[in-house]
Amino acid sequence: MARTQSLIGFTVLFALVAVLLLAPSAAKAQQQACPQSDVRPDAWVQALVQAMNNLGQSSEKMALLQKSVANDTRVFSGAQIVNILGALSFTDDKVMAMTFMSPFIIGLNTTEFVQVLNAISFSPERMTVLKSIKDTLLNASDENKVFIATTCWSLSFDQQAAYAILRDVASRDCIFGSVTALSATFVIDVSGSMDTPFTLNGTTYSRLSYVQQHLSQVISEQLKPYQQFNVIIYSSGARALFSAPVNATTANIKSALTFVAGLRAGGSTNTYAGLQLAFSSSKDTVAVYLLTDGVPDPGLAPRILQAIPQWEAQRAADRQIRIFATAFLLGPDSAADKQLSAAFMKQVAALTNGVYRNMDQAQ
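Just so we're aligned: the sequence shown equals residues -29 to -1, 1 to 334 in mature numbering (1 follows the signal peptide of the UniProt record, and there is no 0).
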């Protein structure tokens, strides 16, 4: 049986390699069309790497890195992750670093992914690092998976093992990242301003239509049956798809995709109602993905910032919610309005040791 499975794995890998040979450009498949996010400044990252290099002990480097990651809600670019991992000498340290940096990573393109792996000298350690970074791949096409396996390993059984690790990996979404929490709730702004148009890579979207596309991909491609999820939308009020988070079964995913496809923009921005419903609908939710394009309705921002610690205090210690706060700001809003929205969402993320993304300019 084991020999049969090995032959099947080799056959699949061989067939995919043949595809690459017939179409070599496939290995360089386009990454997702994504707007830029407000990443940590390169100078900040370079200063951190220099400080790590100046420390003698591995444990000291890891302590500094972990503290620095936790003290800022902004995300890292793929190039910055490659730079940071280069300052760590031991495989175990790289794996541990990826564990606490992963929520803050936009994602690695194929070139960056290969760079991280090829910095590891020995095949077994490289395989260990692969397991720790697999969910950061932005374009997880079969072609790219085969390209990674055949570029980073020379022996066929290592290539098969690497491809097996990557086989079921879904692309990391540039808005929502990789959703791995056992219970996650998406809280999406559908106020009137979410109809604002913008152009990205020659295609015109509304803010809502772009978010619908990415949210649908995350729900259909990333969520596993053992995970629970819910979708809450808010404008003048808030409404949940399910009364409480449900398992990501085929039927529930189908219902969610229909729900998301039918969303329409309109009304004001009662962010308080959306967050309150997310916190109150389940004691098991541990991740909330909040996305909005503006500040809440007048008077609600300070109320929300006061309420979040109170809502957290009512939850069990092992059921604290981390908020992944995305300010989705593409479009012609004034710089002042964008700054207000970004500042508010950054505060929201900081209250829960969360992650902040400011999606604004097209790449």
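Beta carbons are placed, not taken as given, at the ideal position from N, Cα and C, and that holds for glycine.
Please confirm whether F315 and V259 have their CB atoms less than 8 Å apart.
Here F315 is not near V259, since their CB atoms are 8 Å or more apart.
Taking the runs of the beta strand (DSSP E) that are 3 residues or longer, which of them lie wholly in the segment 153 to 182?
Taken in chain order, the complete beta strand (DSSP E) segments of 3 or more residues contained in the segment 153 to 182 are 154 to 160, 168 to 171, 174 to 177.
Excluding five sequence neighbours on each side, which residues of the same chain lie with their C-beta closer than 8 Å to the C-beta of S29?
The answer, listed in chain order, is L59, S60, F61, D64.
Have a look at S214 and S252 and give me their C-alpha separation to the nearest angstrom.
Just so you know, the alpha carbons of S214 and S252 end up roughly 7 Å apart.
In the DSSP assignment, find the unbroken alpha helix (DSSP H) run with R274 in it and report its ends.
Per DSSP, R274 belongs to the alpha helix (DSSP H) from 271 to 284.
Run the CB neighbour count on L126, radius 10 Å, all protein chains shown included, and call it buried at 16 or more, exposed below.
Exposed is the call here.
Among R178, T156, D255, nearest to N212 - alpha-carbon criterion:
Reading off the sequence, residue 212 comes out as Leu, not Asn. Comparing alpha-carbon positions, the option among R178, T156, D255 lying closest to L212 turns out to be T156.
Which residues does DSSP list as the beta-bridge partners of G148?
Per DSSP, the beta bridge partners of G148 are D144.
Taking the alpha carbon of S226 as the point to measure from, which residue in Q184, E283, N201 has its own alpha carbon closest?
Closest option to S226, Cα to Cα, is N201.
Excluding sequence positions up to five away, which residues of its chain have a Cβ less than 7 Å from the Cβ of S48?
Hits under 7 Å: V10, I77.
Spatial distance of S103 from V66 (CA atoms)
Their Cα atoms are separated by approximately 6 Å.
Buried or exposed: F299, going by 16 or more other Cβ atoms within 10 Å of its Cβ?
Flag for F299 reads buried.
Between S207 and the rest of its own chain, which residues show a CB-CB distance below 7 Å, the 5 nearest in sequence each way excluded?
The beta carbon of S207 lies closer than 7 Å to those of G238, S239, N241 in the same chain, with the five residues before and after it left out.
The segment 113 to 124 contacting the segment 80 to 95, beta-carbon criterion three pairs below 8 Å:
Yes, since at least three Cβ pairs between the segment 113 to 124 and the segment 80 to 95 fall closer than 8 Å, the two stretches touch.
Are the CB atoms of L261 and V182 nearer to each other than 8 Å?
No, they are not a contact pair.
N- and C-terminal bounds of the alpha helix (DSSP H) containing T70:
That run of the alpha helix (DSSP H) goes 62 to 72.
Three-way DSSP call (helix, strand, coil) for I119 in this model
The answer is helix: DSSP assigns I119 an H, G or I state.
Considering just the uninterrupted stretch of the alpha helix (DSSP H) at V40, what are its terminal residues?
Taken as a continuous stretch (DSSP letters only), the alpha helix (DSSP H) holding V40 covers 29 to 41.
D43: which of S177, Q21, M23, P74 sits nearest, CA to CA?
Closest by alpha carbon: P74.
Under 8 Å between C-beta atoms of A222 and Q198:
It is not a contact, given that the beta carbons lie outside the stated cut-off.
Do you know how far the Cα of L271 is from the Cα of P(-6)?
Because the pLDDT of P(-6) is 44, which lies under 50, any placement of that residue in the model is unreliable, and the question is left without a value.
What do you get for E114, buried or exposed, if any count of 16 or more other CB atoms within 10 angstroms of its CB means buried?
By the Cβ neighbour-count rule, E114 is buried, with 16 or more other Cβ atoms within 10 Å of its own.
Beta-carbon separation of I294 and T256 under 8 Å?
No, these two residues do not count as a Cβ contact at 8 Å.
Roughly how many angstroms lie between the CA atoms of L(-8) and Q86, to the nearest whole one?
Since pLDDT at L(-8) reaches only 42, below the 50 mark, its modelled position is unreliable, and no value is offered.
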